Structure formats: structure tokens, C-alpha cells
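There are 2 protein chains.
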Amino acid sequence: MSIIQTAIIQIKVGSDKLANRQKLGNKIREAANAGAKLVVLPELHDSLYFCQTEDVSNFDLAEPIPGPATDFYSQLAGELGIVLVTSLFEKRAPGLYHNTAVVFDTNGSIAGKYRKMHIPDDPAYYEKFYFTPGDMGFEPIQTSVGKLGVLVCWDQWYPEAARLMALRGADVLIYPTAIGYELTDTDAEKNRQREAWITIQRAHAVANGVPVISVNRTGYEADPSKVTNGIEFWGNSFVAGPQGEFMVQASNTNEEIQLIDIDKQRTENVRRIWPYFRDRRIDAYASIVKRYDD
Amino acid sequence: MSIIQTAIIQIKVGSDKLANRQKLGNKIREAANAGAKLVVLPELHDSLYFCQTEDVSNFDLAEPIPGPATDFYSQLAGELGIVLVTSLFEKRAPGLYHNTAVVFDTNGSIAGKYRKMHIPDDPAYYEKFYFTPGDMGFEPIQTSVGKLGVLVCWDQWYPEAARLMALRGADVLIYPTAIGYELTDTDAEKNRQREAWITIQRAHAVANGVPVISVNRTGYEADPSKVTNGIEFWGNSFVAGPQGEFMVQASNTNEEIQLIDIDKQRTENVRRIWPYFRDRRIDAYASIVKRYDD
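So the protein sequences, as listed, match chains H and L. Reading the first sequence from the start, the letters are residues 2 to 295 in our numbering. Reading the second sequence from the start, the letters are residues 2 to 295 in our numbering.
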């Protein structure tokens, strides 16, 4: 029972929410038919990455939880008997929205949700306009395949988030993501950014002795405001083992379903030879909660 | 003044302390003559890696600070006008020893020291026998080339250590190291370990937007107790920029002096496009100081 048969689904997304959902439904079904028991989707997979511009009409894309999106994915998870990690635009109250991962268990129930804690804001990623920072902390979600440390995109740059999930007993870290190239950047800069994104997530695996699943979208999406040149999402979805080693890695540009068996037992084995948790200097970490230690 | 002309010195070490010191002196002189203003040595460079076995007579290798070792390196730093990062076995009091990095400024004075905070203990690395855990916290050392976040070896596996140094204003993270292969491990395992070691240190650069300098020893050292097969130190000393990108990387097996210009200004530039410090959820990190959050 230590094996999690895992599928990552890297896709291009279009402007029609229901069509996106239908396409994802087909791919989830394909992954489940191939044996997957845990299926992970990219960030905000039901729509184009609408944060490229600040437009109040985009709040219409949000849905309550539970709501139509969770009804759809719940039905699918239950029918296929899989654990499904989705990433949704949550309408919590009038004028109050979150970037929320919802995890469904094999019976179709909502196993838990995670509201993105770290919210970025930079040109073409105006997320602070749309998403209220999460208020549920870093709490792994118990499912029938294990405790899932679900985080979202910008969280992936924060070792604290990974550590806190691991300290709460996460068996695996999972990052639905939407990240890509700015088209005017040089190839060297594009490569540095993509490699940094891969490197830091592999390092979370190393630091905590847990597998990491990162699923990105791929394909080009234009900026509706025409202020920037749009985003070329860089794909490269991957799974790393608890030593940070690649287990699977998708391409830059293709829609892909990748299947891989993750063995939770390796965490115990790796932590025995790399017992980092034993030696943490918790007596000397208090300043981590400062903004800057000046 | 934002450029630090840096040299890393990767060496093999022998059993004669004074001969090691003389050899290092020649290499430091060579680096300085080539233009280096900051020179970094591997961990415990004055002796064989004596922690392969627990033997009380090895405590004879330790010296007080200041003492003969600091006298030697102080004179050299002052003569050459360089900032020099050394790694010494410190005798603090009878029966009280530390693994201590000592940094000399261009006038030969001791700019500061750092006592290794995280102490490993696993077969062939019996450091808990020799070294009392550091009691000086994570405090960067101010020098004439910048604030140096000096950490030592096992510290490199802890994102907390890197973060705390960065929050205290470190311009660069520096890791003198002694790490190598266990000879009976498979090539696959050796590669995973070496890549994990590189990956997590590059990730500290990414997470904090600072350059990272890591200097390892190379060459084989036998286990005097013959309990293990000894250590093949894996070299691979490197410098990464603040996006985690390689700037220089030494070989597995050769003694090398590598020179590289580190531009401190890039930290400001990179943190402007990757403003991780802005978005840290310091309201939600308190459990980092727990041993395990169960």
C-alpha cells in the first residue's frame, strides 16, 4: 500500500470553461483507465490564466465551493475511484475570492481544500487583484492514497511552505502551477527562470525527504489588454523523488499525461540516511517569522 | 564596488597539518595574484577528515582561536590584502570543541567567526562526537567585500539557515564542505546524492536571491578504523548566481582554483523581478520552530 499510482496532466487551456472541463474530464478518464489512483491538474485549469490583466468582469469566472466545478470533478473522482487534485477560482463571499485547490477522494467527497497562501503580483500575473491570501494555513489533506501537501504555484518558491507541510506529516508535496516565459526575455533568461523553478521544487523534495509533484500548463495565451506580449507557459511538469531525483518530466510544449508510481516507503528510507529532521536547530529559528531581521 | 572577485580552492588534503597549511598558503597566494579579493577554502582544510572514526586523540588536532592556525591565515590575508574564509577545528575549552569558520579581513584581522550549527552524525561522518553545536546563531560576517553568510557543510541541507542569513542581510552564502561518496553505493545512488547536494544549495540562491559559494575537498581518504571503505570526496565546488545559475563548477576529482566575479548588484535586480521577501507569510510560519508538528 506504499505505492501511489500517479498521473500528471499537462494541458493547454482555451476560453470556454465548459469545453476545458470536458477536455480535462476526458484526460482524467484516460489517466484513470491507465491505472492512476492520484491525478493532478495544473493551476486554474478551468479557464485561461485571466490574471494577465486586472478586469472586474473576470470575477464572473469564480464559483462557490461546493458549486458547479466541484460537482463536476466530484462526480468524476467518485465514478473513477481516484483521488483528484483540482485548482479552482473560489467565490467565498461577494467581493471575496481565493485561488483554491480542492481535493476529491475516491468516493467523490471533498477530502479537503487549500487556499493559496503566497500571492504573487508582477506584470502579467496580477494575482493580488484577484485572490485574497489563504487563511487556512499549511495543512496537508488526508486522502485514501496518503496525506497530500497541496500548495499552489507561487508557494513553490517558499521553503517555509514545503517545510510546514512536511512537519504536519505530508507524504507528498503537490504544486498545481501556471508559469511561463515572457516573450521578450532572452533565451538565457528564460532558461534561468525555468531551471530555477525546477531546482527549488526538487530542493523541497531533498530538504524534506518527500516526493514532489508539479503540474504546469503549456501553450501560449495572449494578454487581452495587449500591455504585455502574453505568456508562453513552459510546461516541464515533473515528479521528483525524495532525493530530488527526476522520476518523470514533461516537455516544454506538448499536452501530456505522464504516469508514475510513487513509493511512499522511500521517504522513510531516505530520511534514515539523511536525517535532517533530527538535527534542525529549532532553538535558533525564531527570526524566520520576521519580515527582515534588521 | 559591487563586484567581488572570488576564488574557490578545491584541494586534496594529507595527514601533515603544517604541509597542508603550506600547500593552501601557496594556492591562496596564487589566487590572490590572479586577482581574487575573496578566497574560500573547503571544510576543515588543515587536516584529513578525521571524523571518519571516533578517536579521542583526534582532539589534539584542535587549536584555540586565536591560535597557530589563525596566526598563519591572518598573516596571509593581511599580506595579500584579501578576505579569506577558513574552516578550523576550534578548541574552546578543555573538552569543548567546535567546527568553526573564521573569516579574515584584508588587514589580517579576524572579521568574525561562525560555529557550525547543524552537526551531522552518520557512518564515516561522526561529527556529533567531535563538535559541540554552534551557539552563535546565524549571523553574517561583515567584511570589506560585503556581508558574508558563512555556513558549514551539513548546514547546506537546511533552508532555514540560508533564510536566516539572508534576512540578516547576507550578500552571499558560503559553504565550506567535506562530502563524498560511500564506495559501495551504486553509481545511481552516488549521482542522486551529489545532484541533491548541488540542487539544494542552488535553491538557497533562488529562494533568497543571493549568490552561493560552495567549496568541497576532493580525493580519497581511508577510514583509519577500517570499519567503512573510506570517503571519495566528490569535488564539484561551485558558485551559483542569485537565480541559482551556475557561474563556475569544478570537476569531481581535480584540485582546482576557480576564479569568478560575483556582482552583488544582481541581488537587487533579481529580487525586483522575484520579490519573494515581499510575500512571505510570516503570520503563518510559527510552527517552523517545532520539531514535528504532530
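We put the CB at the ideal spot given by N, CA and C, even for glycine. As the structure is a prediction and not an experimental result, all values here were calculated from the model.
query = Roughly how many angstroms separate the alpha carbons of H/R282 and L/H119, rounded to a whole number?
reply = 7 Å
ask   = With a Cβ-Cβ cutoff of 8 Å, do L/T7 and L/V240 count as a contact?
value = yes
request  = Check the Cβ of H/M118 against every Cβ in chain L and list those closer than 7 Å, keeping chain order.
outcome  = The contacting residues are R282, A285.
key: H/A171 versus H/A78, H/I201, H/V213, residue with shortest Cα-Cα distance   = H/V213
ask   = Can you tell me where the alpha helix (DSSP H) with L/Q157 in it begins and where it stops?
value = Counting along the chain, L/Q157 sits inside no alpha helix (DSSP H), nor does DSSP assign it H or E at all.
key: Contacts of L/I53 in chain H (Cβ-Cβ under 7 Å)   = A small fix is needed here, since residue 53 of chain L is Gln in this sequence, not Ile. Going along chain H, no residue has its Cβ under 7 Å from L/Q53, so there is no contact; the nearest lies around 17 Å.
query = How big is the Cα-Cα spacing for L/V153 and L/A179?
reply = Answer to the nearest angstrom: the Cα atoms are 9 Å apart.
query = Taking the C-alpha atoms as reference points, what is the distance between L/D295 and H/I5?
reply = 23 Å
message = When you compare the CB of L/W155 with every CB in chain H, is at least one pair closer than 8 Å?
response = yes
key: Own chain, CB closer than 7 Å to H/R22, minus 5 neighbours either side, in chain order   = D47, F73
task = Taking 8 Å as the cut-off, decide whether the C-beta atoms of L/A197 and H/V207 are in contact.
result = Cβ distance < 8 Å, so L/A197 and H/V207 count as in contact.
task = Take the Cβ of H/P243 as the centre, count every other Cβ of all protein chains shown within 10 Å, and call the residue buried at 16 or more, exposed below.
result = buried
key: CB contact check: H/E1 to chain L, cutoff 8 Å   = Limits of chain H in this structure are 2 at one end and 295 at the other, which puts residue 1 of chain H out of reach.
inquiry  = For a quick check, are the C-beta atoms of L/I10 and L/K38 less than 8 Å apart?
reply    = no
request  = Spell out a yes or no on whether the stretch 107 to 118 of chain L and the stretch 64 to 80 of chain L are touching, meaning 3 or more CB-CB pairs, one atom from each, closer than 8 Å.
outcome  = yes
key: Residue range of the alpha helix (DSSP H) that includes H/T268   = 266 to 274
request  = Output, in chain order, the set of chain L residues within a Cβ distance shorter than 9 Å of H/E246.
outcome  = Residues of chain L with a Cβ closer than 9 Å to the Cβ of H/E246 are, in chain order, A189, N192, R193, E196, A197.
request  = Could you have a look at L/G138 and say whether DSSP puts it in helix, strand or coil?
outcome  = coil
key: Neighbouring residues, chain L, relative to H/A102 (Cβ below 8 Å)   = Residues of chain L passing the Cβ test: none, with the nearest at roughly 16 Å.
ask   = Do L/Y50 and L/E222 have their C-beta atoms closer together than 8 Å?
value = yes
message = Need the endpoints of the alpha helix (DSSP H) that H/N21 sits in, please.
response = 18 to 34
Test: H/R218 CB closer than 8 Å to a CB of chain L = no
ask   = Where does L/G113 sit, in a helix, a strand or coil, going by DSSP?
value = strand
request  = Anything in chain H within Cβ reach of L/D50, meaning under 8 Å, just list it in chain order.
outcome  = Before going on, a small fix: residue 50 of chain L reads as Tyr here, not Asp. The premise fails here: L/Y50 is roughly 18 Å from chain H at the closest Cβ pair, so nothing lies under 8 Å.
key: Selection from L/P276, L/G135, L/G236, L/N192 that minimises the alpha carbon distance to L/Q259   = By alpha-carbon distance to L/Q259, the top candidate from L/P276, L/G135, L/G236, L/N192 is L/G236.
inquiry  = Please give me, in chain order, every unbroken run of the beta strand (DSSP E) with length at least 3 that falls completely inside the stretch 163 to 188 of chain L.
reply    = Counting only runs of 3 or more, we get 173 to 178, 181 to 183.
ask   = Is the CB of H/S238 under 8 Å away from at least one CB in chain L?
value = no
task = Please go through the same chain and pick out, in chain order, the residues whose beta-carbon is closer than 6 Å to the beta-carbon of H/L89, but skip the five residues on each side of it.
result = If we look at H/L89 and ignore the five residues flanking it on each side, its Cβ neighbours are A70, T101, V103.
ask   = Taking the alpha carbon of H/V41 as the point to measure from, which residue in H/V86, H/E257, H/F132 has its own alpha carbon closest?
value = H/V86
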